[in-house]
Every structure is written in structure tokens, then in C-alpha cells.
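Asks:
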Amino acid sequence: MKTIEVARTIINADKVNALGWCVGGTMLSSALAVMRANGEDPVASLTLLTALLDFSEPGDLGVFIDELGVSMREQTIGRGGLYPGRELGFVFQALRANDLIWPYVVNNYLKGKTAAAFDLLYWNSDTTNLPGPMYSFYLRNMYLENNLCVPNKLELCGKAVDLGKVDMPSYLLATEEDHIVPWRSAYQSTQLLGGETEFVLGASGHIAGVINPAAKSKRSYWTNDACGETADEWFATAAQQRGSWWNHWIAWVKRHSGEQVEARTTLGNTQFRAIESAPGRYVKARFQ
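Take the sequence shown: its position 181, counted from the start at 1, is 181 in the UniProt record's numbering, and no numbers get skipped.
1. Is it true that the segment 250-269 meets the segment 215-226, where meeting means three or more beta-carbon pairs spaced less than 8 Å apart?
2. How do the segment 193-212 and the segment 157-173 stand: do at least 3 beta-carbon pairs fall below 8 Å, yes or no?
3. So what does tyrosine 122 bridge to, in DSSP terms?
4. What's the call for glutamine 240, buried or exposed, on a 16-neighbour Cβ count within 10 Å?
5. Below 8 Å on the Cβ atoms is my guess for arginine 184 versus alanine 231; work out the distance and round it to an integer in Å.
6. Quick one: residues in its chain with C-beta nearer than 7 Å to the C-beta of residue 304, no 5 flanking neighbours on either side, listed in chain order?
7. Could you check where the beta strand (DSSP E) with residue 304 kicks off and where it finishes?
8. So which of Lys113, Ala97 and Asn38 has the shortest CA-CA distance to aspartate 60?
9. Once you ignore the five residues that flank arginine 8 on each side, which residues in its own chain have a CB closer than 8 Å to its CB?
10. What whole-angstrom Cβ distance do valine 70 and leucine 144 have, given they're in contact under 8 Å?
11. Assuming contact is defined by CB atoms lying nearer than 9 Å, are lysine 218 and serine 244 in contact in what I supplied?
12. Less than 9 Å between the beta carbons of leucine 173 and leucine 46, yes or no?
13. Pull up the distance between the alpha-carbon of glycine 158 and that of tyrosine 135, whole angstroms please.
14. For tryptophan 245, which of helix, strand or coil comes out of DSSP?
15. Looking only at its own chain, which residues have a Cβ that is under 7 Å from the Cβ of leucine 139, when we skip the five neighbours before and after it?
16. Please list the segments of the beta strand (DSSP E) lying wholly inside the segment 211-240, counting only runs of 3 or more residues, in order along the chain.
17. Within 10 Å of its beta-carbon, does residue 299 have 16 or more other beta-carbons around it, so buried, or fewer, so exposed?
18. Smallest Cα separation from residue 289: which of Glu276, Asn12, Met35 and Gly25?
19. Using only CA atoms, which one of Ala278, Leu28, Gly202 and Gln271 lies nearest to leucine 52?
20. Need the endpoints of the alpha helix (DSSP H) that tyrosine 143 sits in, please.
21. Within the continuous alpha helix (DSSP H) that includes serine 30, where are the two ends?
22. Quick test of your reading: tryptophan 234 and tyrosine 171, contact by CB under 8 Å. State the CB separation rounded to the nearest angstrom.
23. Which whole runs of the alpha helix (DSSP H) in the segment 56-119 are 4 residues long or more, in chain order?
24. Quick check on DSSP: helix, strand or coil for arginine 184?
25. Which residue wins for smallest C-alpha separation from lysine 111, given the options Thr26, Asp54 and Trp102?
26. Judging by CA-CA distance, which residue of Leu82, Thr50 and Leu32 is the nearest neighbour of proline 169?
27. So the candidates are Ala44, Asn12 and Cys22; which of them puts its Cα closest to the Cα of histidine 256?
28. Suppose contacts are defined by Cβ-Cβ distances below 9 Å. Is threonine 26 in contact with glycine 209 by that definition?
29. Closest to threonine 127 by C-alpha separation, out of Ser204, Arg86 and Arg273, would be which residue?
Spelled out as C-alpha cells, the structure:
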């Protein structure tokens with residue numbers, strides 16, 4: 001919420017277009033519900049990329065989450081500490097062991113071959129340590145009890161959360177082969193958010209389906225102006241489009257934006273000054 005406030009202040013705008021990917025999308029939607037409960041309306045449009053709001057069918061990740069495991073996390077790091085990113089990274093590798101573990105065991109360990117450079121996998125391996133209390137809270141309230149999708153059941157920042165009050169136009173992207181956020185589960189967001197929704201299904205998976213530069217004109221995506229009650233109803237009449245979903249999103253977000261202006265040549269303002277050049281020390285810091 002502070003980020004939205006600062007961004008509006010720097011660019012001197014009443015509203016911004018907000019975008020969240022995966023867990024970031026879940027957190028962004030939750031924050032917007034809190035802001036709406038406070039009577040604030042700072043966002044013109046919401047874009048969610050492969051994000052879950054209804055965790056009733058979390059996909060393969062559900063195998064790793066149960067009451068015993070969550071209770072253990074709450075006891076060990078629920079009041080402080082960190083959940084190591086390397087452990088979370090191993091969980092995601094285990095979900096696709098045939099692609100992300102065994103080829104390297106055979107080719108590197110047994111055959112002594114050096115793995116070829118792969119930009120997406122390198123980025124994927126740059127894991128993030130999570131605050132213990134946040135991680136424990138997220139596991140219980142999202143994955144285990146699915147409280148976010150029940151109006152007014154979850155409390156954040158002293159406010160009852162109701163996603164139905166998140167009533168700005170929303171663009172929801174899911175990807176066909178996503179094993180982390182199953183696309184049918186992501187579709188349920190159309191039934192939870194209070195505003196007009198545009199659901200788009202991209203080809204490929206959780207990372208490659210999102211990072212699909214339009215200039216390469218690779219893959220495809222599906223669109224459907226009609227919003228069915230279920231994902232399968234929506235897909236039954238969806239039209240497949242060639243190329244990247246990026247161009248489709250650009251056209252959509254322009255409809256919810258102000259006039260195009262010259263790009264800024266300086267960062268921040270007198271109140272919020274730039275700290276240092278990108279990507280910043282935070283990205284490079286490591287905790288062992």
C-alpha cells in the first residue's frame with residue numbers, strides 16, 4: 001500500500017495501474033481490498049499474472065502442505081526468523097524433478113558435462129528468503145484454510161478483507177501448463193473480484209508463458225469476452241490467437257490509462273529520492 005502511495009506521489013497522479021505476479025498478485029489483491037475498506041480508490045486497473053485468489057485447488061503444491069507441516073512452521077519461524085529461499089527452491093524443483101533435477105544428476109554428476117546456460121532457469125534459481133511470520137501466515141490462511149476467498153473472514157491491517165470490493169477493471173492471465181498456479185484455479189478470480197474482468201489463457205508454463213516477448217511472435221493465447229461460471233465453460237468458446245499475449249494486454253491497459261506523456265528522465269522526486277542504480281544492493285544481498 002505504501003508503494004502505491006509513493007508511486008502516485010512521484011508521478012503526481014490520482015491513480016496507477018497495478019500489476020502483480022504469482023504471490024505478488026495475491027498480496028496486491030489483498031492490499032487493494034484493505035484500501036477499499038479504508039475508502040481509498042488509488043488504482044485504475046489491476047493486472048494479475050498467474051496468481052491465485054481461491055486456493056481450493058492449489059495443484060501439485062498441495063502435496064507439500066498439511067496441518068502438521070504448517071503447525072511446525074508456525075512453532076519454529078511463526079514469530080520471527082526466515083524461511084530459506086533454497087528450501088522453497090527445492091520444493092519447486094521437486095514438482096518437476098524430471099526436468100529440473102534428474103537431467104543434471106545424469107549429465108553433470110555422472111557424465112561430467114557442464115550444463116548449458118539458460119536464462120530462465122538462472123533467474124528461477126535466484127530464490128528469495130521469506131520472513132517466517134509472513135510465510136507461516138500465508139500457508140495457513142491461503143493454502144490450508146483458503147480464507148482469502150471468503151468475504152470478511154480474513155483480517156489484514158485491522159480490516160476485514162472482501163475481494164468483492166476490489167471493483168476496478170482486472171486483467172487476469174493464467175498459463176496452460178502452469179503447475180504452480182493451475183489455470184482453472186486462477187480462473188476462479190473472475191468470480192471473486194467485484195469489477196469487470198478480462199481473463200486470458202497463455203500457452204506454456206508459469207515463467208515462459210508470461211515472459212513471451214511480442215517481437216518474437218512465439219506461442220499463442222486464448223481470449224473470450226464471455227465470462228462463464230467455470231473455466232471449462234469459458235474455454236469451450238474461447239478463440240486461440242497467435243503470438244504473445246503482451247500486445248493484447250497493452251491494448252487493454254491503454255483503455256484504462258491517461259494520455260501518453262514523455263518518459264521521465266529522472267528518478268524519484270524531492271520527497272522520495274533514488275537510492276542507487278538498479279538493481280540495487282537488496283537484490284545482491286545473500287543470507288546463508
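Virtual Cβ for every residue (Gly too), placed ideally from N, Cα, C.
Replies: So, from the data block:
1. no
2. Short answer: they touch.
3. According to DSSP, tyrosine 122 bridges with nothing at all.
4. exposed
5. 4 Å
6. Nothing can be reported for residue 304, as the shown portion of the chain is limited to 1 through 288.
7. This structure cannot settle anything about residue 304, because the visible part of the chain is limited to 1 through 288.
8. Ala97
9. Asp14, Lys15, Val16 and Pro42
10. 5 Å
11. It is a contact, given that the beta carbons lie within the stated cut-off.
12. No; because the gap between Cβ atoms is not below 9 Å, this pair is not in contact.
13. 19 Å
14. In this structure, tryptophan 245 counts as coil in the three-state DSSP scheme.
15. Ile65, Val70 and Arg73
16. 220-223
17. Lying outside 1 to 288, the shown extent of the chain, residue 299 is not represented and no answer is given.
18. In the structure displayed, the chain extends from 1 to 288; residue 289 sits before or after that span and is not available.
19. Leu28
20. Note, tyrosine 143: premise wrong, no alpha helix (DSSP H); not H, not E.
21. 23-37
22. Between tryptophan 234 and tyrosine 171, the beta carbon gap of about 15 Å keeps them out of contact (Cβ cut-off 8 Å).
23. Whole alpha helix (DSSP H) segments, 4+ residues: 67-77, 85-95 and 97-100.
24. Here arginine 184 sits in helix by DSSP.
25. Trp102
26. Leu32
27. Ala44
28. no
29. Arg86
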